[in-house]
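Trainee: Sending over a structure as structure tokens; questions will come in a sec.
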Amino acid sequence: MTTTIAGNVSRGGEPAPAGPADSPFVRACRRLPVPHTPVWFMRQAGRSLPEYRELRAGVPMLESCRRPELVHEITMQPVRRHGVDAAILFSDIVVPVAAAGIDLEIVPGTGPVVAEPVRAAADVDRIRPIDAADLSFVDEAVRLLVADLGDTPLIGFAGAPFTLASYLVEGGPSRTHVKTKALMYGAPEIWHALCARLGDITEEFLRVQVNAGASAIQLFDSWAGALSEADYRRFVLPHSTRVLASLADAGVPRIHFGVGTAELLGAMGEAGADVVGVDWRTPLDAATVRIGPDRAVQGNLDPCVLFAPWPVVEAEVRRILAEGESTPGHVFNLGHGVLPETDPDVLTRVVALVHEASAR
Ligand code: CP3
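Below is the structure:
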């Protein structure tokens with residue numbers, strides 16, 4: 271018997287099944303033994319890389335998401351540069367919403383801005399259902415990537431109903447989510463109709479990525495931390511649960527992530543993902559107590575720590591790896607996305623350190 275990677279034993283000298291499904295990233299998501307802790311970064315593709323800024327010059331964000339060759343190249347850039355354990359598709363959470371007929375733009379330095387915010391029942395009806403044909407450019411980009419990535423897994427993603435609804439109701443980014451919450455409390459039937467419609471769109475976006483070969487998916491509920499646990503359970507959890515359940519048969523790990531979710535980690539775990547993303551406010555060992563033993567965790571270096579002197583970065587990475595030891599499975603990541611001003615060489619060093627310090 272030959273041991274190829276920890277816990278994966280092949281008989282009679284046969285090579286063990288390789289490919290992305292047996293990669294350290296997918297294995298850690300499934301809480302299987304791994305040769306080293308896998309690492310990738312949310313927003314690893316983007317403005318921290320000069321080669322990204324060069325490619326994007328003069329191409330609006332949404333337009334760039336609709337060009338498969340460009341998506342392929344931008345997605346590959348951080349994989350080549352940093353040696354991360356997974357690629358994440360270059361796209362945006364509002365891409366399928368735009369495909370559903372909502373007039374919106376991604377404004378540099380601001381984020382998604384919606385021309386006519388969604389606040390009444392008639393506005394919800396303007397969001398038409400989408401099918402795979404509306405997202406053929408996503409299918410094409412994922413296929414190009416999977417052919418090029420070999421054993422490196424590609425993560426597909428989507429925005430969760432609450433975070434998408436917040437952009438649509440506010441009309442753009444919001445600090446308080448006041449209009450979103452006003453709709454939620456004041457017109458719960460419109461709120462639930464909106465989230466159900468967004469859930470359908472999210473499901474289709476994820477399904478297209480998985481059918482084209484994505485090895486995992488991440489559901490971003492970035493702004494869910496704005497809610498109390500009671501409101502999260504009542505207004506959000508049923509919709510996110512439905513989206514995650516719809517992918518249960520797809521055979522790929524599902525990751526569920528939000529920011530400021532310390533009080534929500536238990537409830538987010540109940541939504542049914544295989545992995546729960548944790549921000550830097552909650553140590554991973556404490557997070558796993560809240561989430562339970564049946565899910566892996568992902569995180570959770572504060573993106574601002576990357577601006578500290580290297581010995582500080584190193585100490586934080588080692589602390590997080592140590593805390594990750596007492597979880598059922600750990601995927602190293604930041605607690606939120608890479609900030610555009612980050613020195614990319616520090617990211618490359620973090621990848622090397624995670625691999626070396628966690629080698630089993
Ligand atoms: O590398 C990756 O993580 C993959 C690509 C990705 C982007 N957006 C590319 C992008 C992913 C996974 C997203 C998800 C996304 N988009 C989220 C959830 C994740 C999170 O960060 O919480 C949210 C909330 C959005 C909405 C959005 N789109 C914001 C807030 C912004 C930034 C606006 C700005 O200019 O500061 C965008 C635009 C965006 N999406 C950029 C990128 C690389 C920047 C576009 C540019 O280069 O100008």
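Numbering (my numbering), first residue to last: 271 to 630. Beta carbons: idealized from backbone N, C-alpha and C, even for Gly. For clarity, every value in this text was computed on a predicted model and none was experimentally measured.
1. Is the stretch 387–402 in contact with the stretch 350–359, if contact means three or more CB pairs nearer than 8 Å?
2. Can the beta-carbon of VAL439 be found less than 8 Å from the beta-carbon of ARG389?
3. Assuming LEU576 is part of the beta strand (DSSP E), what are its boundary residues?
4. Distance, Cα to Cα, LEU302 vs TYR502?
5. Please state the DSSP three-state secondary structure of PRO382.
6. So, for SER444: in the same chain, excluding its five sequence neighbours on each side, which residues have a beta-carbon less than 6 Å away from its beta-carbon?
7. What residue from GLU339, GLY607 and GLU626 has the CA that sits closest to VAL575's CA?
8. With LEU604 and PRO573 assumed to form a contact (beta carbons below 8 Å), what rounded beta-carbon distance in angstroms separates them?
9. Verify whether the separation of the beta carbon atoms of HIS239 and LEU415 is less than 8 Å.
10. I believe ALA627 touches ARG588 by the beta-carbon criterion, under 8 Å. Please report the beta-carbon distance rounded to the nearest angstrom.
11. Within the present structure, is the beta-carbon of ASP362 separated from the nearest heavy atom of the ligand CP3 by less than 7 Å?
12. Check the DSSP bridge columns for ASN603 and list the partner residues they point to.
13. Figure out for me which residue from PHE505, VAL529 and ALA541 has the closest Cα to the Cα of ALA518.
14. Distance check for ALA463 and THR552, CA to CA, integer angstroms please.
15. On the CB-based measure, 16 or more other CB atoms within 10 Å of its CB, does VAL582 come out buried or exposed?
16. In three-state terms, what does DSSP make of PHE311?
17. Taking the C-alpha atoms as reference points, what is the distance between ILE363 and ALA288?
18. Three or more beta-carbon pairs under 8 Å between the stretch 591–605 and the stretch 319–333, yes or no?
19. Can you tell me the Cα-Cα spacing of GLY456 and THR450, whole angstroms?
20. Where do the ends of the beta strand (DSSP E) carrying HIS526 lie?
21. The ligand CP3 and HIS606: does the residue's C-beta get closer than 7 Å to at least one heavy atom of that ligand?
Mentor: The relevant details are as follows:
1. Counting Cβ pairs under 8 Å, fewer than three are found: no touch.
2. yes
3. It is not in any beta strand (DSSP E) - LEU576 carries neither H nor E in the DSSP assignment.
4. 31 Å
5. strand
6. none
7. GLY607
8. 5 Å
9. Outside the shown range of the chain, which is 271 to 630, sits residue 239, and nothing can be said about it.
10. 6 Å
11. yes
12. ASN570
13. ALA541
14. 33 Å
15. exposed
16. coil
17. 31 Å
18. Short answer: they don't touch.
19. 10 Å
20. Start and end: 524–527.
21. yes
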